[in-house]
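Worksheet: the structure to be examined is printed underneath.
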Amino acid sequence: MKILWCLHGNLQQPIVWEVLSYALEQPGKDFFIQSVSLWETLSCNCWDWANGFCARVRLASQVSSPQHYLLGYSLGGRLAWHALLAAPELWSGAMIVSADPGSNHGQLRQKSLERDRIWANRFLTEPWDTLLAEWDALPIFCQRPCPTPRPESAFDRQKLAHAFEAYSKGHMEELTERLSSLSVPITYITGSEDRHYSQLGKTLQSQVAALTHIEVKDAGHRVPWEQPDAFLIILKEVLELGG
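Letter by letter, the sequence shown follows residues 1 to 243 in the working numbering.
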């Protein structure tokens, strides 16, 4: 049996992975999707979250002996890096989409933390639609509209604000050297229009022997929802699920 643990991004809900269940959970495949809610598993930092999450995965292993795979997008990808390092023996493979592995550059980390604290405070008080419009206009999203719904009623603003600060890149140490010691196969996925993360993918591939970078054409930062067919092909190949 194989289990794919899916970690969504910021301003998303676990339902964004529902399409994977329809496409991959088929009779006879012995394959299951576990979509994790980051809002219901909040912690004080990425490492604490990863340790708690890996403990949950270990409990699932007591019931049977499945192969565990990890999928994380953006914020979920940053948390996935930590989960891989916290318990590499748990994982048969990982797919990381458009996620930063951290930095040792003090000034860059401070700027990231300051930006995230501003966003955190704004999401506590300002109009929802205005915030989403400004968020989607960030250069990282390559002038592409958000393909998933984000009704205000689906979110707790206090939890959003907490995540912005607790999981900020400003708190993240550079993980690349530690990742280079892993033998877990990692597939790092980026969109061709997302130049920053595509370049990062090339750099990671040159530094982490177990990592393969795949660039998806005609996609920006939100690859799984901008090019879902291409993304599913990659997942099936990594998971060896066949057609």
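Virtual Cβ for every residue (Gly too), placed ideally from N, Cα, C.
Residue state for H105 is assigned as coil, using DSSP reduced to three classes. The beta carbon of A80 sits closer than 8 Å to those of L7, L70, L71, G72, A94, I96 and A99, all from its chain and outside the five residues before and after it, given in chain order. Fewer than three beta-carbon pairs drawn from the region 178-192 and the region 26-46 are found closer than 8 Å, and the two stretches are therefore not classed as touching.
Taking C-beta separations shorter than 7 Å and ignoring five residues to either side along the sequence, the partners of A230 in its chain run V216, following chain order. Taken through DSSP and simplified to helix, strand or coil, K2 comes out as strand. A distance below 6 Å between beta-carbons, with the five flanking residues on each side excluded, links C146 to the following residues of its chain, in chain order: D136.
Annotated three-state conformation of E193 is coil, per DSSP. Below 8 Å, too few C-beta pairs join the region 101-108 and the region 10-18 to call them touching: fewer than three. If you check the CB distance, I3 and H82 do not come in under 7 Å. The beta carbon of P139 lies closer than 6 Å to none in the same chain, with the five residues before and after it left out.
Burial is judged here by how many other beta carbons sit within 10 angstroms of a residue's own beta carbon; S198 has at least 16 and is buried. Straight-line spacing of the CA atoms in N10 and S192 works out to 21 Å.
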